[in-house]
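These notes are about the structure you will find just below.
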Amino acid sequence: MYSIMLKKAVLHPTAPLFDQEKQNLKPRCIRALKRIFMLCDHDMDGALSDAELNEFLGILFSFVFFLNHNYFSPKNLEGLTCCTIYKQVKCFNVPLQPAEIVGVKRVVQERIRGGVSDLGLTLEGFLFLHALFIEKGRLETTWAVLRKFGYNDELKLRDDTLPVPTKHAPDQNVELTNEAIDFLRGIFRLYDSDNDGSLQPSEFDDIFVTAPESPWTAEPYIDAAERTAQGNLTLNGFLSEWALMTSLEPALSLANLICIGYGGDPTSALRITRRRSVDRKKKQTQKNVFHCFVFGPKKSGKSTLLNSIIGRSFSSNYTPTNDVRYVANVVEQIGKTLILQEIPEDGVKQLLSNKECLAACDVAVFLYDSSDEYSWKRSRELLLDVARRGEDSGYGVPCLLVAAKDDLDPFPMSLQNSTRVTQQLGMEAPIPVGVKLRDSKSVLSRILSAAEHPHLSIPETEKGKKRKRYRRLVNSSLMFVSG
1 MYSIMLKKAV
11 LHPTAPLFDQ
21 EKQNLKPRCI
31 RALKRIFMLC
41 DHDMDGALSD
51 AELNEFLGIL
61 FSFVFFLNHN
71 YFSPKNLEGL
81 TCCTIYKQVK
91 CFNVPLQPAE
101 IVGVKRVVQE
111 RIRGGVSDLG
121 LTLEGFLFLH
131 ALFIEKGRLE
141 TTWAVLRKFG
151 YNDELKLRDD
161 TLPVPTKHAP
171 DQNVELTNEA
181 IDFLRGIFRL
191 YDSDNDGSLQ
201 PSEFDDIFVT
211 APESPWTAEP
221 YIDAAERTAQ
231 GNLTLNGFLS
241 EWALMTSLEP
251 ALSLANLICI
261 GYGGDPTSAL
271 RITRRRSVDR
281 KKKQTQKNVF
291 HCFVFGPKKS
301 GKSTLLNSII
311 GRSFSSNYTP
321 TNDVRYVANV
331 VEQIGKTLIL
341 QEIPEDGVKQ
351 LLSNKECLAA
361 CDVAVFLYDS
371 SDEYSWKRSR
381 ELLLDVARRG
391 EDSGYGVPCL
401 LVAAKDDLDP
411 FPMSLQNSTR
421 VTQQLGMEAP
431 IPVGVKLRDS
441 KSVLSRILSA
451 AEHPHLSIPE
461 TEKGKKRKRY
471 RRLVNSSLMF
481 VSG
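Note that UniProt numbering numbers the sequence shown so that position 106 is 106, with each residue one more than the last.
Right under this line is the structure:
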């Protein structure tokens, strides 16, 4: 008996579903059951009709293994047993009789006000029904439903329900398809109830009410996208957050798409981009989302650049960035999304220790304070370190040098030094910007242009040039011998 109880506790745990202290369903369980209710509510009238309830009960009891138990006692459901429902609905393909459906609804109606309406079993009634299963110690019933609809023990969608496309090379990325983006645009319009072009916190929360939790309340997604002065999320901000999540955590993105009602084939929601090495050879890219690494010494203006991309006002207060930070925004003129990843100066060494660290990077930006000679020297060192890593790994990346704070007094030879370095490395001339980055759109367009031309502005060190000359010499020798 003890082993049976132990097995039951392991297979059908109470903790994820029910708060014993408060005696109610836990929030994540409610969210999952809400999604299941909406999937069963085919006519979307906010209630399960007799036919919809019949179908749900068939799903439910076809996945319950302890069919000899009386889930509904004669006192509660006029003698209707789990076995009766199972045999009628699944074994003999015979739907429940109207009186039996009435019995189920009667139990709910007697116990909870608003559990049943003229249209059928309401969401409140549906949730109560599961709370009743748990109250009677029949957790396997609710777990059967949850698992049938793809949930694991953490009440998140199982990995086997998420057909995330597999990257075959490190320099490939995952993006949303046009079909998924169109769906998200529709979701935004649907929940923008006041039609002001932005989502208030309550409207945003309503979108994810059937997901395990709101996915953007913590790093790296919090404060990563454009918002209005009131703090509401714009359409560009909404789509940018999705692009960022898809790039960093494609499985999480797909799971949330499914949870908020994406009705298409899940395999149609995400796509794998072409290898960046192939883009470089073809001198063009088909990407819609570009990933930019932002390097620079402390106080060079990295955070100011990121803030300007998402429309944040300039702040003269310096707050050091200790961890990697992301922002993303849609560039309306061309419909592309740019993800900026700020790399703290202290984190560069660890980043570059990974041979494939630049594989997913489409363009790298190096900022320096043009009024500070040390800032320039440090930025140049970072640029050379990244260039060498790109040459050694084969993941060379277009690079841009940004002379920040050029409206302050520059240090002597500032422009000459930076221009000479970019010429030596085969890069574009430095991009001058002011302290407050009022001309951020110009910087943004230059970054996107570099990303869209993956074969240009890739820095070449002296070592890299020698290596290239040597390869050409070897290849020409081989051609001569073979000829």
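Glycine included, each C-beta is placed from N, C-alpha and C at the ideal position.
Let me check one thing: in DSSP terms, what residues is residue i bridge-paired to?
i: Phe366; result: Phe295, Leu401
i: Thr122; result: Ala47
i: Asn175; result: Residue 175 is actually Glu in this sequence, not Asn. In the DSSP output, where bridge partners are listed per residue, Glu175 has Arg271.
i: Asp19; result: Asn24
i: Val289; result: Thr337
Quick one: what does DSSP say residue i is sitting in, helix, strand or coil?
i: Ala47; result: strand
i: Cys333; result: Before going further, note that residue 333 is Gln rather than Cys in the sequence given. In the structure shown, Gln333 sits in coil (DSSP, three-state: anything other than H, G, I, E or B).
i: Gly114; result: coil
i: Glu460; result: coil
i: Glu154; result: coil
i: Pro432; result: strand
i: Val324; result: coil
i: Phe133; result: helix
i: Ser142; result: In the sequence as displayed, the identity of residue 142 is Thr instead of Ser. Three-state DSSP puts Thr142 in a helix.
i: Ser277; result: helix
i: Thr84; result: Low per-residue confidence applies at Thr84: pLDDT is 42, beneath 50, and the placement is therefore not dependable enough to give any value.
i: Arg227; result: strand
i: Glu100; result: helix
i: Ser313; result: coil
i: Ile339; result: strand
i: Asn195; result: coil
i: Asn232; result: coil
i: Phe149; result: coil
i: Phe56; result: helix
i: Phe208; result: coil
i: Val164; result: coil
i: Phe411; result: coil
i: Lys283; result: coil
i: Ala180; result: helix
Since residue i and residue j are thought to touch, with beta carbons under 8 Å apart, how far apart are those beta carbons, to the nearest angstrom?
i: Leu444; j: Ile310; result: Leu444 to Ile310, Cβ: 11 Å. No contact.
i: Glu241; j: Ala225; result: 5 Å
i: Ser247; j: Asn173; result: 6 Å
i: Ala269; j: Thr177; result: 6 Å
i: Phe295; j: Val348; result: 7 Å
i: Ser300; j: Ser379; result: 7 Å
i: Pro430; j: Thr422; result: 6 Å
i: Leu358; j: Ser393; result: 6 Å
i: Ala47; j: Thr166; result: 41 Å between Cβ atoms; not a contact.
Sorted by chain position, which residues of the same chain lie with C-beta nearer than 6 Å to residue i's C-beta, five sequence neighbours on each side aside?
i: Phe63; result: Note that Phe63 scores 46 on pLDDT, short of 50, meaning its location in the model is unreliable and no value can be drawn from it.
i: Arg356; result: Reading off the sequence shown, one finds Glu at residue 356, where the question assumed Arg. Result list for Glu356: Pro170, in chain order.
i: Ala15; result: none
i: Arg325; result: Glu342
i: Ser375; result: Pro297, Ser300, Tyr368, Asp369
i: Phe133; result: Thr141, Thr142
Excluding the 5 residues flanking residue i on each side, which residues of the same chain have their C-beta closer than 8 Å to its C-beta?
i: Ile187; result: Ile207, Ile260, Gly261
i: Met44; result: Met38
i: Asn24; result: Phe18, Ala131
i: Cys292; result: Leu338, Ile339, Leu340, Gln341, Cys361, Asp362, Val363, Ala364, Val365, Ile447, Ala451
i: Leu153; result: The question names Leu, yet the displayed sequence has Asp at residue 153. Cβ neighbours of Asp153 beyond the five flanking positions: Pro13, Pro16.
Tell me, please, whether the CB atom of residue i is closer than 8 Å to any CB atom in chain C?
i: Arg446; result: Note that chain C does not occur in the displayed structure, where there is just one protein chain.
Hey, is the stretch 15-22 in contact with the stretch 105-116, meaning 3+ C-beta pairs nearer than 8 Å?
no
How do the stretch 321-340 and the stretch 369-377 stand: do at least 3 beta-carbon pairs fall below 8 Å, yes or no?
no
May I ask you to verify whether the stretch 23-32 touches the stretch 248-258, counting CB pairs closer than 8 Å and requiring at least 3?
no
Check whether the stretch 448-459 and the stretch 268-287 touch, using three or more Cβ-Cβ pairs below 8 Å as the test.
yes
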